[in-house]
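Structure first, then comments.
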Ligand SMILES: *Cc1c(COP(=O)(O)O)cnc(C)c1O
C-alpha cells in the first residue's frame, strides 16, 4: 500500500482480504483467543511469538485500523487507544517517568494541557510550555538535561496556531529527544508530520477521522526513525531490560521500527487497559474510508466561512490559518498547502455576552463539546473545554475570552453562511 496516494490509503490500507474473505473488515468481538498448548501461550507472554491472547492488549480489528492509520501517516508501527487523551498520555509516558521533563507548545488542546500541567505533574513529570512562535533562544532555554520529549499540535485546538514542525523537530533532535505531534486537526490528508521530521504522531480519532461523532478514540503512530539506543541513557525503559518481560530490551529485540509501540502495548496497555472496543475500531474505519473526500469539503467550507466572517462588521477578528494576512499564513502555506481544517475561530464584537447571544441564534450549528464532525457545531471554549484555565493560561494557549470555535461540517457552505448572517443580525 505504501506506494499509493493518501486517498487510496484512506479507502483500502490496512486490510487486504484473501479469496472468499469478507470485503469489509471483520469485527472480532472476542476478549480472548484459543491456543492448543500452554507452551504456545507462554511464548506470547514472553513476547517471543506474536499473536493475540487478550483484547486488553491487542485485538485484530483494532490492529487492522491502526495499520491503516500507520500507512496514512507513513509510519512504521501504530496502536489504537480508547481516546485521544489516552493516546497523548501513552505517547509521553512511554518515554518519560517520574523525575523527567518534557517541552510542550502552549497552544494545545485544553484537555491535553490539563493532562500535562496537572495530572502528569502529580506523577512527577514536569512540563515547560513555550508559545509556538517563541524565539529560538526561548525554545533552547526550555530544555533541561532530563528532557525526554517535545510535544506540539500541527494545528492547535482551538487556537488554530500552526506549529513550525521542522523547527521544533530540529530543536528536539539537537537534544537527542523525539518530537511528538498531535495531528488531529490536520489529519494525514492535509499534513504528514513525519515528512517534516516528527518522530511520533498522535490522534484523537474522535474528530475528523471518525468524522460522524460515533466513537471516541485515539491512535499513536511511530515513524520508526528515532534511534533510541543512540541516546540509551535517556531512555532506560526502551534500552535496558524490562523485568516484567523476563529481561527483554525493547530497542534491541524490536529495533527502532518496533520498540516504541511494542513497549506501549506490552506495558501501558497491559497496565492501564485504555483499549478501544472492536466495534469502535470498525466505526472509525468507516470514517477513514471517506476522510480524504470529507477533508476537502471541510476545508472549502472553512475557507468560505472565514472569508464571510472577515468581511462582517459585527465580527471583531477571525483566525483561520489559510486566510491571507493570518499570522500563521506562511506556515500554513508550507505545512498545509491543500487546506488546514474546517474549524474557524473568531470573536464577536461585544465580547462574551454577544458571543452567547449569537450562538443561541444559530440554527444549523449546534452548541456541542465537539469539533471536526460532518455536522456543523460550535463552542465557547472559555466557558467549556478551557474553563480550568486562568486568563494568563488562556492567553498562552491562544484562547481569548470572546473566542467562538466554529467547526464547519460538510453541509452546503451557502446555508452555513446564511445561518451565520441571520444569527449575527439578531444579536440582542
Ligand atoms: C479532542 C482532542 C484531544 C482529546 O481527544 P479525545 O478523543 O477527546 O480524548 C486531543 N488532542 C486534540 C488536538 C483534540 O482535538
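Numbering (the working numbering), first residue to last: 4 to 431. Glycine included, every Cβ here is placed at the ideal spot set by N, Cα and C.
| Query | Result |
| --- | --- |
| Rounded straight-line distance, which links the Cα of residue 23 to that of residue 205 | 35 Å |
| Heavy atom of ligand 1 within 7 Å of residue 160 beta-carbon | yes |
| Start-to-end residues for the alpha helix (DSSP H) that takes in residue 72 | 63–76 |
| Three or more C-beta pairs below 8 Å linking the stretch 229–241 and the stretch 91–109 | yes |
| Spatially closest choice to residue 217 from 121, 208, 155 and 141, by CA coordinates | 208 |
| Proximity of residue 79 and residue 183 at Cβ, strictly below 8 Å | no |
| beta-carbon residue 129 near ligand 1 non-hydrogen atom, thresh 7 Å | no |
| Residue closest to residue 195, alpha-carbon to alpha-carbon, out of 8, 384, 413 and 392 | 8 |
| beta-carbon residue 245 near ligand 1 non-hydrogen atom, thresh 7 Å | no |
| Residue of 300, 140, 410 and 141 minimising C-alpha distance to residue 348 | 410 |
| Buried/exposed call for residue 434, threshold 16 Cβ in 10 Å | In the structure displayed, the chain extends from 4 to 431; residue 434 sits before or after that span and is not available. |
| Assigned secondary structure, residue 83 (DSSP; H/G/I helix, E/B strand, else coil) | strand |
| Residue nearest to residue 295 in terms of C-alpha spacing, selected from 332, 187 and 192 | 192 |
| Collapsed DSSP secondary structure at residue 216 in the structure displayed | coil |
| Exposure label - residue 181; buried when at least 16 CB within 10 Å | buried |
| Cut-off 7 Å between Cβ atoms - residues of its own chain near residue 166, not counting five sequence neighbours on either side | 108, 135, 155, 156 and 157 |
| Where residue 222 sits in the DSSP three-state scheme | strand |
| Residue burial classification, residue 19 (beta-carbon count within 10 angstroms, cutoff 16) | exposed |
| Reference residue 412, options 344, 397 and 372, closest by Cα | 344 |
| Alpha-carbon to alpha-carbon, residue 352 and residue 189 | 29 Å |
| Neighbourhood of residue 150 by C-beta, 7 Å cutoff - its chain only, sequence neighbours within 5 removed | 104, 105, 106, 178 and 180 |
| Nonlocal neighbours in the same chain, by C-beta distance under 6 Å from residue 299, ignoring five residues either side | none |
| Opposing strand residues paired with residue 207 [DSSP bridges] | 221 |
| Distance cut-off 7 Å: residue 230 Cβ against heavy atoms of ligand 1 | no |
| N-terminal and C-terminal residue of the alpha helix (DSSP H) that residue 154 is part of | Counting along the chain, residue 154 falls outside any alpha helix (DSSP H), though it belongs to the beta strand (DSSP E) covering 150–156. |
| Any 3 or more C-beta pairs closer than 8 Å across the stretch 30–42 and the stretch 247–257 | no |
| Secondary structure, alpha helix (DSSP H): runs of 4+ residues fully inside the stretch 310–346 | 332–338 |
| Alpha carbon of residue 362 to alpha carbon of residue 240, nearest angstrom | 48 Å |
| Endpoints, the alpha helix (DSSP H) within which residue 11 is located | 9–15 |
| Near ligand 1: residue 88 beta-carbon under 7 Å from a heavy atom | yes |
| Pair within 8 Å by beta-carbon distance, residue 86 and residue 220 | yes |
| Beta-bridge partners of residue 107, as assigned by DSSP | 132 and 154 |
| Selected residue, minimal CA-CA separation from residue 403, among 162, 261 and 153 | 162 |
| Status (buried if at least 16 other CB within 10 Å, exposed otherwise) for residue 102 | exposed |
| Residue 258 versus residue 90 - alpha carbon distance | 22 Å |
| For residue 102, the three-state DSSP class (helix, strand or coil) | coil |
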